[in-house]
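Undergrad: Supplied in structure tokens, the structure appears directly below.
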Amino acid sequence: MPTDADARHVLRNNDLGGYTVPTHGLYPYQWNWDSALVAKGWATFDPPRAWQEVESLLAAQWPNGMVPHIVFRQPDPSYFPGPEVWRAGQGALPTSGISQPPVLASAVRRLVEADPARDLRRLETVYRQLDAWHRWWHDVRDPQNAGLITITHPWESGRDNLPDWDAPLAAVDTSGVGSYQRRDTSHVAAAMRPTQADYDRYIALVQFGRERGWDAKRIVVDSPFLVVDPGVLAILIRAERDLLTIASLVGGDCAAINRRIERLIGGFERLWNPEAKGFCSLDLRTGEHCATANAASFLAAYAGVTAHHRTVMAQFAEWAERVQFMLPSFDPRSPEFDPVRYWRGPVWAFFNYLVAIGLAEVGEREWAERLRADTKRLIGGSWFAEYYDPKSGIACGGQEFSWTAAIWLAWGLGEVADR
Ligand code: DGY
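In my numbering, the protein residues as written are -14 to 404.
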């Protein structure tokens, strides 16, 4: 069984000086939602370092408010596609041209609450940056002005190869992609990573954005991939609620945030798919819901959405009957479920943590505790892996993974004596 000291060691070892890489080799740069979750881990033993993680990510913010999904601080040939492929970065640093699920405001709220002697001027700067990023999602990514926040690349969901993206990705033309060398499969078994056909489409979408100068408004108009992801949406709703708390401390515009939350909840409720008995992704190009729910349906409580709660929890119980370890990332009853292939089935510690927060808040304490216990068993048996097989519990993907170590700390999974 790892100890808290082991988890702290993983974070320190992945610290490149003010920012934490997810893991060496496979992900050698700063990733957006990784950093937000990692800040929660740092906060348990080094709050100034946690603030540094937040501020280093925000240092890459674009003038239009977007906080990019990767910040490329120093060249590293172990990753593809690097800065020379993206040719993006409209702020101070080279970056990718898309964003990622906005967990950051939720991490900041936790930092603020743990720090009674907070520096209000510093917090105000962070608040303005977070507010600008949230407004970017609304202004640029909600083309119907209905709380249906869209993503324009599967990487923007952070859950790259969910079966949800198969149908929308089929519309992406890969004829101009050319040859390139993937790096991920030199670090991790190919069976645990997205397929080559998926990768061609990811790269085609990078080329598509690059040809449009990473003008996000233009991309929304004609991107072949324009999808509402319940994961991004639930995380944004939660982040807006957390931003509201921060706004109340620094004199921010609470009324505007409240209006945004209301619109987002309306959008989330439109993701309900009665046949799938879940909140499902929605392809805005075809108007079709995905026929099967993914694990983000269980983030409804985390977002504060209680509609259909009983139906959602009945599905949760059915999923639990099919696996040894909750929570698989995709419906284990589906033919598309794959227990080791990245986001098509494996369990992710941080996702369990987010779902459990919501479930505990709505009184589903036993299920929240089950998620915690399963996460502890997985890490206990297979160390700080990127993700885990929900049937066998084996470690998958990258190892010595920052966000898994961070969640170990933030969720208090170590023995009390060690903390
Ligand atoms: C990758 O390269 O696998 C990442 O998920 C992109 O963010």
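Glycine residues also receive a C-beta, built at the ideal position from the N, C-alpha and C atoms.
Report the option in 253, 152, 204, 371 whose CA atom is closest to the CA atom of residue 284.
TA: The sequence position of residue 284 within the sequence shown is 299, counting from 1. Per the Cα distances, 253.
Undergrad: List in chain order the residues whose CB is within less than 6 Å of at least one heavy atom of the ligand DGY.
TA: 54, 140, 145, 169
Undergrad: Just list the residues that DSSP pairs residue 16 with in beta bridges.
TA: Here residue 16 refers to the residue found at position 31 when the sequence shown is read from its first residue. Residue 16 is bridged to 55.
Undergrad: For residue 267, which residues in the same chain have their Cβ closer than 8 Å to its Cβ, ignoring the five residues on either side in sequence?
TA: Taking the first residue of the sequence shown as 1, we reach residue 267 at position 282. These residues qualify, in order along the chain: 133, 212, 213, 255, 256, 273, 274, 275.
Undergrad: Among the residues of its own chain, which have a CB less than 8 Å from the CB of residue 356, if the five just before and after it don't count?
TA: Here residue 356 refers to the residue found at position 371 of the sequence shown. Listed in chain order, the non-local C-beta contacts of residue 356 below 8 Å within the same chain comprise 311, 312, 337, 338, 340, 341, 344, local neighbours out to five positions each way being set aside.
Undergrad: For a quick check, are the C-beta atoms of residue 30 and residue 269 less than 9 Å apart?
TA: Here residue 30 refers to the residue found at position 45 when the sequence shown is read from its first residue. Here residue 269 refers to the residue found at position 284 when the sequence shown is read from its first residue. Cβ atoms of residue 30 and residue 269: not closer than 9 Å.
Undergrad: Taking the C-alpha atoms as reference points, what is the distance between residue 230 and residue 162?
TA: Against the sequence shown, residue 230 aligns to sequence position 245. Against the sequence shown, residue 162 aligns to sequence position 177. Whole-angstrom Cα-Cα distance: 45 Å.
Undergrad: Give me the Cα-Cα distance between residue 228 and residue 175, rounded to the nearest whole angstrom.
TA: For this step, residue 228 is matched to residue 243 along the sequence shown. For this step, residue 175 is matched to residue 190 along the sequence shown. Cα-Cα distance, rounded: 39 Å.
Undergrad: With DSSP run on the structure shown, which of helix, strand or coil describes residue 216?
TA: Position 231 of the sequence shown holds residue 216. Residue state, collapsed to three classes: helix.
Undergrad: Determine the burial state of residue 403: buried for a count of at least 16 other Cβ atoms within 10 Å of its Cβ, exposed for fewer.
TA: On the sequence shown, residue 403 is found 418 positions in, with the first residue counted as 1. The predicted position of residue 403 is uncertain, since its pLDDT is 43 and thus under 50; a value taken from the coordinates is nonetheless stated next. Exposed: under 16 other Cβ atoms inside 10 Å.
Undergrad: So residue 121 packs on residue 49, CB below 8 Å; how close in whole Å?
TA: Taking the first residue of the sequence shown as position 1, residue 121 is located at position 136. Taking the first residue of the sequence shown as position 1, residue 49 is located at position 64. Rounded to whole angstroms, the Cβ separation of residue 121 and residue 49 is 6 Å, and the two are in contact under 8 Å.
Undergrad: Whole angstroms is fine: what's the gap from residue 52's alpha carbon to residue 182's?
TA: Taking the sequence shown and counting its residues from 1, one reaches residue 52 at position 67. Taking the sequence shown and counting its residues from 1, one reaches residue 182 at position 197. C-alpha separation (whole angstroms): 28 Å.
Undergrad: Where do the N-terminal and C-terminal ends of the alpha helix (DSSP H) with residue 296 fall, by residue?
TA: In the sequence shown, residue 296 corresponds to position 311, counting from 1. Here the alpha helix (DSSP H) through residue 296 covers 294 to 307.
Undergrad: If you reduce the DSSP assignment to three classes, tell me which class residue 239 lands in.
TA: In the sequence shown, residue 239 corresponds to position 254, counting from 1. In this structure, residue 239 counts as helix in the three-state DSSP scheme.
Undergrad: Tell me whether residue 390 sits in a helix, a strand or coil according to DSSP, three-state version.
TA: Start at 1 with the first residue of the sequence shown, and residue 390 comes out as number 405. DSSP places residue 390 in helix when its eight states are reduced to three.
Undergrad: Does the segment 322 to 332 come close enough to the segment 368 to 385 that 3 or more CB-CB pairs lie under 8 Å?
TA: yes
Undergrad: Please determine, among 292, 398, 359, the residue with the shortest C-alpha to C-alpha distance to residue 251.
TA: In the sequence shown, counting from the first residue as 1, residue 251 sits at position 266. Minimum Cα distance to residue 251 is reached at 292.
Undergrad: Just verifying my parser: in three-state terms, what is the DSSP assignment at residue 78?
TA: By one-based count along the sequence shown, residue 78 stands at place 93. Three-state DSSP puts residue 78 in coil, outside helix and strand.
Undergrad: Determine the contact status of residue 35 and residue 27, defining contact as a CB-CB distance below 9 Å.
TA: Translated into positions along the sequence shown, residue 35 becomes position 50. Translated into positions along the sequence shown, residue 27 becomes position 42. Yes. Within cutoff.
Undergrad: Give the straight-line distance between the Cα atoms of residue 365 and residue 244, rounded to the nearest whole angstrom.
TA: Stepping through the sequence shown from its first residue, residue 365 is reached at position 380. Stepping through the sequence shown from its first residue, residue 244 is reached at position 259. Cα-Cα distance, rounded: 43 Å.
Undergrad: Is any heavy atom in the ligand FMN found nearer than 8 Å to the beta carbon of residue 253?
TA: Looking at this structure, you won't find the ligand FMN anywhere; what it does contain is the ligand DGY.
Undergrad: Give me, in chain order, the residues of the same chain whose beta-carbon lies closer than 6 Å to that of residue 224; leave out the 5 immediate sequence neighbours on both sides.
TA: Here residue 224 refers to the residue found at position 239 of the sequence shown. Result list for residue 224: 87, 90, 91, in chain order.
Undergrad: Classify residue 322 as helix, strand or coil using the three-state DSSP reduction.
TA: On the sequence shown, position 337 is the one that residue 322 refers to. Coil.
Undergrad: Shortest alpha-carbon distance to residue 352 belongs to which of 108, 300, 45?
TA: Taking the sequence shown and counting its residues from 1, one reaches residue 352 at position 367. Cα-wise, what sits closest to residue 352 is 300.
Undergrad: Using DSSP bridges, identify the partner residues of residue 332.
TA: Along the sequence shown, read from residue 1 onward, the residue named residue 332 stands at position 347. DSSP, once it has assigned bridges, lists 373 as partnering residue 332.
Undergrad: At the level of alpha carbons, what is the spacing between residue 189 and residue 239?
TA: Indexing the sequence shown from 1 puts residue 189 at position 204. Indexing the sequence shown from 1 puts residue 239 at position 254. Cα to Cα, the separation comes out at about 40 Å.
Undergrad: Specify the secondary structure class of residue 278 as computed by DSSP and reduced to three states.
TA: Taking the first residue of the sequence shown as 1, we reach residue 278 at position 293. Residue 278 carries a coil assignment under DSSP once its states are collapsed to helix, strand and coil.
Undergrad: Taking the alpha carbon of residue 168 as the reference point, which residue from 363, 305, 61 has its own alpha carbon closest?
TA: Here residue 168 is taken as the residue at index 183 of the sequence shown, counted from 1. Of the candidates 363, 305, 61, the one whose C-alpha sits nearest the C-alpha of residue 168 is 61.
Undergrad: Would you decide whether residue 202 is buried or exposed? Buried here means 16 or more other CB atoms lie within 10 Å of its CB.
TA: Stepping through the sequence shown from its first residue, residue 202 is reached at position 217. Label assigned to residue 202: exposed.
Undergrad: Helix, strand or coil: how does DSSP classify residue -2 here?
TA: What you label residue -2 is simply residue 13 of the sequence shown in a count that begins at 1. If DSSP states are grouped into helix, strand and coil, residue -2 belongs with the helices.
Undergrad: What is the DSSP secondary structure of residue -9, reduced to helix, strand or coil?
TA: As a working mapping, residue -9 is identified with position 6 in the sequence shown. Of the three classes helix, strand and coil, the one that applies to residue -9 here is helix, per DSSP.
Undergrad: In terms of residue numbering, what span does the alpha helix (DSSP H) encompassing residue 137 cover?
TA: Position 152 of the sequence shown, counted from the start, is the residue given in the question as residue 137. First-last for residue 137: undefined, no H or E at that position.
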